[in-house]
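Participant: Just dropping this structure here.
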Amino acid sequence: MRLTHEQVHIILTTVHDIVGGDVEVRLFGSRLDDNRKGGDLDLLLISSTPLPRLSLAEIKCKLEERLYLPVDILAYSRDKQPSPFQAIALNQGCPLKEAA
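Residue numbers (full-length UniProt numbering): 1 to 100.
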């Protein structure tokens, strides 16, 4: 995973400050491959109910401002059937956790 402990902390703090601590955050996409360079930050946010679009936009803007990286956010609500793209992200995504 091509993220520093500080970047993970910024991501989790930003997401949880805006939408609450019960939202799971997973990284998917090119940043999972340690052999690649660059790339945007693909995040899957998993919640029990749908997240407001305004909150997702706020998370995206704040993360891009704080991390100096382009950010793509995909939201998935456990109360719905995942779309094919959500299913891929659910399967391949790596949960982000604070370093101990």
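Just so you know, even glycine gets a beta-carbon here, dropped at the ideal spot from N, CA and C.
Taking 6 Å as the limit between beta carbons, can you name the residues of its chain near residue 48, skipping five residues before and five after?
Facilitator: Locating residue 48 in the sequence shown gives position 48, counting from the first residue. Excluding sequence neighbours, residue 48 sits near 78.
Participant: Which same chain residues end up closer than 6 Å to residue 72 when comparing Cβ atoms and leaving out the 5 residues on each side of it in sequence?
Facilitator: As a first step, residue 72 is located in the sequence shown; it is residue number 72 there, counting from the start. These residues qualify, in order along the chain: 40 and 42.
Participant: List the DSSP bridge partners of residue 26.
Facilitator: For the purposes of this step, residue 26 is taken as residue 26 along the sequence shown, with counting starting at 1. Residue 26 pairs with 44 and 95.
Participant: When the Cα atoms are used, what is the spatial distance from residue 70 to residue 64?
Facilitator: The residue you call residue 70 lines up with position 70 of the sequence shown. The residue you call residue 64 lines up with position 64 of the sequence shown. One C-alpha to the other measures close to 6 Å.
Participant: I need the DSSP call for residue 77, collapsed to helix, strand or coil.
Facilitator: Working through the sequence shown from its first residue, we reach residue 77 at position 77. Note: residue 77 maps to strand in three-state DSSP.
Participant: CA-CA distance, residue 31 and residue 4?
Facilitator: Within the sequence shown, residue 31 is the residue found at index 31, counting from 1. Within the sequence shown, residue 4 is the residue found at index 4, counting from 1. Residue 31 and residue 4: Cα-Cα distance of roughly 11 Å.
Participant: If contacts are defined as beta-carbon pairs under 8 Å, then residue 102 and residue 26 qualify, I think. What distance do you get, rounded to the angstrom?
Facilitator: Here the chain covers residues 1 to 100 and nothing more, so residue 102 does not appear.
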